[in-house]
Amino acid sequence: MKSVIAENLVKTYNKGKVKALDGLSLDVEEGTVLSVLGPNGAGKTTTVRILATLLSPDSGNATVGGIDVIRHPEKVREIIGLSGQYAAVDETLTGWDNLVMFGRLYHLNKKAAVKRADELLERFSLTDSAKRPIKTYSGGMRRRLDLAASLIVQPKVLFLDEPTTGLDPRGRQEMWGVIEELVKGGVTLLLTTQYLEEADQLADDIVVIDHGKVIARGSSDALKKEVGGERLEVVVDQANIAKTLEIVARVSGNKATLDEGLRRISAPVSTGSMALMEVLRSMDSEGIHALDVGLKRPSLDDVFMSLTGHAAEVEEVK
Amino acid sequence: MNAISDSIVITKRQLLQLARVPEVLIFSTIQPVMFVLLFRYVFGGSIETGQPGGYVQLLMPGIFVQTVAFTLAATASGLAEDMKKGLIDRFRSLPIARSALILGRTLGDSLLNIVVLAVMGIAGFVVGWRPTSGVFSIILAFLFLLFFGYALSWVGIYIGLSARDARVVQNVSFLVTFPLTFLSNAFAPTTGMPRPLQYVAEWNPVSTMVAACRQLFGLENEFGATAGSFPSENPLTMSLIYMAIIMIIFVPMSVKKYQNASN
Chain A
445 MKSVIAENLV KTYNKGKVKA LDGLSLDVEE GTVLSVLGPN GAGKTTTVRI LATLLSPDSG
505 NATVGGIDVI RHPEKVREII GLSGQYAAVD ETLTGWDNLV MFGRLYHLNK KAAVKRADEL
565 LERFSLTDSA KRPIKTYSGG MRRRLDLAAS LIVQPKVLFL DEPTTGLDPR GRQEMWGVIE
625 ELVKGGVTLL LTTQYLEEAD QLADDIVVID HGKVIARGSS DALKKEVGGE RLEVVVDQAN
685 IAKTLEIVAR VSGNKATLDE GLRRISAPVS TGSMALMEVL RSMDSEGIHA LDVGLKRPSL
745 DDVFMSLTGH AAEVEEVK
Chain S
597 MNAISDSIVI TKRQLLQLAR VPEVLIFSTI QPVMFVLLFR YVFGGSIETG QPGGYVQLLM
657 PGIFVQTVAF TLAATASGLA EDMKKGLIDR FRSLPIARSA LILGRTLGDS LLNIVVLAVM
717 GIAGFVVGWR PTSGVFSIIL AFLFLLFFGY ALSWVGIYIG LSARDARVVQ NVSFLVTFPL
777 TFLSNAFAPT TGMPRPLQYV AEWNPVSTMV AACRQLFGLE NEFGATAGSF PSENPLTMSL
837 IYMAIIMIIF VPMSVKKYQN ASN
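Below is the structure:
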């Protein structure tokens, strides 16, 4: 069953001058993670805001949990959790205050709201800072609290809009850990990101969007295959370059290329590790020692490059 | 009634904010008290009033009205801050009545006004303010003031949701409230103003509010150019009409703005 379906969403801003979404369609299978990957301005946040009932599309349809987001937004709000790009919590209040307040707004009684707040603080390793104002939290702690606030009533569908943008590498690792836990718990998750490795790490399925349209869809592996197979790479001493070029070309059946500075010989291969073993055996029988050897799979960066013709414009971490 | 209980949660949030950062409450009461003292002792000596009990009797109603008028700025900047932080988006994604957040915020700002008015009243009493009407009239005057502040905080909601930046909100709200409170009978008699300005000042809702409060505190009213007109004869009724007009315009506009809010 599909938990989220978006069909031909169109959204323009500034009276039609800026086209944020240009016929975007996607769906998320229940209990899976879909990552919406794209550079800044591709339409990721607009998509999430429409699905989370914060924004109406100019045209197109969308359902979440089988409910129409345009016709019954109030029912959709009961089954979703949203955690945005900025930690949307009250900074003057403590972490505990915030979670109890949101619990009350989800219509838990006082006792249940307190119990849930304590549970979530524990689960996200925030118990020690529970009674401190959010102002004193690190970026990673804020995001975790923000995520906790979106999980007060076990949402059926969770939207995370760039959950790690602006976090330092450690904060990002922590956040990934938390998200992986959630996924194991079986939540349906739609996650947007501009980090290619994040999509690779967390998602079952990836849609790549650019200029408000989906330009590719598939598993991380499938997308990488679409761009091309693996490449075999060997680094050898200067003296052995000519012979190694011959061996690599023969085994791969393709033209081998040389990076002279790095003394690295590479060629596309279709048989993966078999080719790797054969190259090593041949080199061994010629008495050539490989300084470094490996199979390189295309990264999602390569995927993006070949799909859009331009690199993913990833913002530097603040 | 979920809409009501949701609003109360939002109002509680504001009270909790005050408890966590008590400086906010302290400074929002110090400022009006400072105004009372400054106006009482700086202008009080040079403004001729024939008023038994002196200038402070006329001043206090004026300064009460000015203070509640500034609720507009408080509401607007509080909301703009929530917009900026993305909190409005979170609230809008929750299964709560969409009016709850703004209803809760206007109620919270009114509660703050109760505290501020009480402190100002005490400060006024210390420097010689003595209302001569009965207890009932005095209570009525304060309720009147609270309601005026409440009506204006709906204007604040609209401004807060419309602006893109909290600093702009501050500027816009002061641009609205400053001329409104000074181009009135609040601090000086309108009779000293150029005649066309007198008309503006005397039809100003702040003037009718001040005149209504002065009446309720047991003072006579002075209107210059518009003496004998409806607002000068019926400041209480006119103020109520003004408040009703403000609410009729700004409640639906603010609710609509909130529903479509997107930054």
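Note that the protein sequences, when read in sequence, are chains A and S. If you read the first sequence in my numbering, its first letter stands for residue 445, the second for the next number, and so on. If you read the second sequence in my numbering, its first letter stands for residue 597, the second for the next number, and so on. Glycine residues also receive a C-beta, built at the ideal position from the N, C-alpha and C atoms. Just so it is clear, the structure is predicted and the values come from calculations on it, not from any experiment.
Open item on the list: Among Leu468/A, Leu478/A and Val622/A, whose alpha-carbon lies nearest the alpha-carbon of Thr490/A?
Closed with: Counting from 1 along the first sequence, the entry for residue 490/A is found at position 46. Out of Leu468/A, Leu478/A and Val622/A, Leu468/A has the C-alpha closest to the C-alpha of Thr490/A.
Open item on the list: With three or more C-beta pairs closer than 8 Å as the rule, is the stretch 795 to 807 of chain S touching the stretch 688 to 696 of chain S?
Closed with: no
Task: Contact between the stretch 705 to 714 of chain S and the stretch 734 to 742 of chain S (3+ Cβ pairs under 8 Å) - done: yes
Open item on the list: Taking CB distances under 7 Å as the criterion, tell me whether Arg548/A reaches chain S.
Closed with: On the first sequence, position 104 is the one that residue 548/A refers to. True, the Cβ-Cβ gap to chain S drops below 7 Å.
Task: Own chain partners of Thr787/S with C-beta closer than 6 Å, once the 5 adjacent residues on each side are dropped - done: On the second sequence, position 191 is the one that residue 787/S refers to. Excluding positions up to five away in sequence, the list reads Gly820.
TODO: Starting from Asn452/A, trace the alpha helix (DSSP H) both ways and give me its first and last residue.
DONE: On the first sequence, position 8 is the one that residue 452/A refers to. Segment Lys446 to Tyr457 is the beta strand (DSSP E) holding Asn452/A; no alpha helix (DSSP H) there.
TODO: Please list, in chain order, all residues of the same chain as Pro577/A whose beta carbon is under 8 Å from its beta carbon, the five residues on each side excluded.
DONE: In the first sequence, counting from the first residue as 1, residue 577/A sits at position 133. If we look at Pro577/A and ignore the five residues flanking it on each side, its Cβ neighbours are Glu535, Thr536, Leu537 and Thr538.
Task: is_contact[Thr536/A, chain S] using C-beta, thresh 7 Å - done: Within the first sequence, numbered from 1, the residue matching residue 536/A stands at position 92. Yes, its Cβ sits closer than 7 Å to a Cβ of chain S.
TODO: Please list the residues of the stretch 672 to 695 of chain S that have a C-beta atom closer than 7 Å to any C-beta atom in chain A, keeping them in chain order.
DONE: Lys681, Gly682, Leu683, Asp685, Arg686, Arg688, Ser689, Leu690, Pro691 and Ile692
- [ ] Using 10 angstroms around the beta-carbon of Gln855/S, count the other beta-carbons present and answer buried if the total reaches 16, otherwise exposed.
- [x] As a working note, residue 855/S is residue 259 in the second sequence. Exposed is the call here.
Open item on the list: Suppose contacts are defined by Cβ-Cβ distances below 7 Å. Is Gly700/S in contact with Ser603/S by that definition?
Closed with: Along the second sequence, read from residue 1 onward, the residue named residue 700/S stands at position 104. Along the second sequence, read from residue 1 onward, the residue named residue 603/S stands at position 7. Against a cut-off of 7 Å, the Cβ pair of Ser603/S and Gly700/S comes out as a contact.
TODO: Report buried or exposed for Gly629/A, applying the criterion of at least 16 other Cβ atoms within 10 angstroms of its Cβ.
DONE: For the purposes of this step, residue 629/A is taken as residue 185 along the first sequence, with counting starting at 1. Burial call: exposed.
Open item on the list: Tell me the residue span of the beta strand (DSSP E) that contains Glu473/A.
Closed with: On the first sequence, residue 473/A is found 29 positions in, with the first residue counted as 1. Val462 to Glu473 is the span of the beta strand (DSSP E), which, as asked, contains Glu473/A.
Open item on the list: Comparing C-alpha positions only, which one of Tyr639/A, Ile596/A and Leu635/A sits nearest to Pro613/A?
Closed with: Translated into the one-based positions of the first sequence, residue 613/A becomes position 169. Ranking Tyr639/A, Ile596/A and Leu635/A by Cα distance to Pro613/A puts Tyr639/A first.
Task: Coil, strand or helix - Ser729/S by DSSP - done: In the second sequence, residue 729/S corresponds to position 133, counting from 1. If DSSP states are grouped into helix, strand and coil, Ser729/S belongs with coil.
TODO: Could you please give the first and the last residue of the uninterrupted alpha helix (DSSP H) stretch that includes Glu518/A?
DONE: Indexing the first sequence from 1 puts residue 518/A at position 74. Glu518/A -> alpha helix (DSSP H) spans Pro517 to Arg521.
Task: Contact list for the stretch 606 to 618 of chain S against chain A, Cβ threshold 7 Å - done: Arg609, Leu612, Gln613, Arg616 and Val617
Task: is_contact[Glu522/A, chain S] using C-beta, thresh 7 Å - done: As a working mapping, residue 522/A is identified with position 78 in the first sequence. Cβ-Cβ to chain S under 7 Å: yes for Glu522/A.
Open item on the list: Looking only at its chain, what residues have a beta carbon closer than 7 Å to the beta carbon of Met843/S, apart from the 5 residues adjacent to it on each side?
Closed with: Residue 843/S sits at position 247 when you count from the first residue of the second sequence. Same-chain partners within the cutoff: Ala747 and Trp750.
Task: For Lys608/S, the three-state DSSP class (helix, strand or coil) - done: Position 12 of the second sequence holds residue 608/S. In this structure, Lys608/S counts as helix in the three-state DSSP scheme.
Task: Contact belief for Ala737/S with Ile643/S at Cβ below 8 Å, rounded distance in angstroms - done: Locating residue 737/S in the second sequence gives position 141, counting from the first residue. Locating residue 643/S in the second sequence gives position 47, counting from the first residue. About 22 Å separates the two Cβ atoms, so there is no contact after all.
- [ ] Starting from the beta carbon of Asp602/S, find every residue of chain A whose beta carbon is closer than 9 Å, and list them in chain order.
- [x] Here residue 602/S refers to the residue found at position 6 when the second sequence is read from its first residue. Those within 9 Å of Asp602/S in chain A are Arg548, Leu549 and His551.
TODO: Identify, in the order they occur along the chain, each residue of the same chain with its Cβ nearer than 8 Å to the Cβ of Glu451/A, setting aside the five sequence neighbours on each side.
DONE: The count along the first sequence starts at 1 and reaches residue 451/A at position 7. Here the set comprises Ser469, Gly504, Asn505 and Ala506.
Open item on the list: Going by DSSP in three states, Lys740/A sits in which element: helix, strand or coil?
Closed with: Taking the first residue of the first sequence as 1, we reach residue 740/A at position 296. Correct three-state label for Lys740/A: strand.
Task: Selected residue, minimal CA-CA separation from Val752/A, among Arg493/A, Val652/A and Val680/A - done: In the first sequence, counting from the first residue as 1, residue 752/A sits at position 308. Contrary to the premise, residue 752/A reads as Thr rather than Val in this sequence. Here the closest residue by C-alpha is Val652/A.
TODO: Return yes when the Cβ of Leu499/A is within less than 7 Å of the Cβ of Asp649/A, no when it is not.
DONE: Taking the first sequence and counting its residues from 1, one reaches residue 649/A at position 205. Taking the first sequence and counting its residues from 1, one reaches residue 499/A at position 55. Going by C-beta atoms, Asp649/A is not nearer than 7 Å to Leu499/A.
TODO: Using a cut-off of 9 Å between C-beta atoms, extract the partners of Asn598/S located in chain A.
DONE: Along the second sequence, read from residue 1 onward, the residue named residue 598/S stands at position 2. Here the neighbours are His551.
TODO: Using the DSSP secondary-structure output, state which residues sit across from Arg661/A in a beta bridge.
DONE: The residue given as residue 661/A occupies position 217 in the first sequence. BP columns for Arg661/A point to Val651/A.
Task: Any C-beta of chain S under 7 Å from that of Met545/A - done: On the first sequence, residue 545/A is found 101 positions in, with the first residue counted as 1. Interface residue, yes.
Task: For Thr786/S, the three-state DSSP class (helix, strand or coil) - done: Counting from one through the second sequence, the residue named residue 786/S turns up at place 190. DSSP places Thr786/S in helix when its eight states are reduced to three.
Open item on the list: What are the residues in the stretch 486 to 518 of chain A lying within 8 Å of chain S by C-beta distance?
Closed with: Arg493, Ala496, Thr497, Leu498, Leu499 and Glu518
Open item on the list: For a cutoff of 7 Å on Cβ pairs, would you count Ala450/A as touching chain S?
Closed with: Along the first sequence, read from residue 1 onward, the residue named residue 450/A stands at position 6. Closer than 7 Å: no.
Open item on the list: So, at 7 Å on beta carbons, what are the nonlocal neighbours of Gly716/A in its own chain, with the 5 sequence-adjacent residues on each side left out?
Closed with: Residue mapping note: residue 716/A aligns to position 272 of the first sequence, counting from 1. Closer than 7 Å at Cβ, skipping near neighbours: Glu674 and Leu739.
- [ ] Tell me, please, whether the CB atom of Ala802/A is closer than 7 Å to any CB atom in chain S?
- [x] The question about residue 802/A has no answer, for chain A in this structure spans 445 to 762.
Open item on the list: For Ser828/S and Thr822/S, I'd like the C-alpha separation in whole angstroms.
Closed with: Counting from 1 along the second sequence, the entry for residue 828/S is found at position 232. Counting from 1 along the second sequence, the entry for residue 822/S is found at position 226. Using only the alpha carbons, I get a separation of about 7 Å.
Open item on the list: Taking the beta carbon of Asp678/S as the centre, do at least 16 other beta carbons fall within 10 Å, making it buried, or is it exposed?
Closed with: For this step, residue 678/S is matched to residue 82 along the second sequence. Looking at its Cβ environment, which holds 16 or more other Cβ atoms inside 10 Å, Asp678/S is buried.
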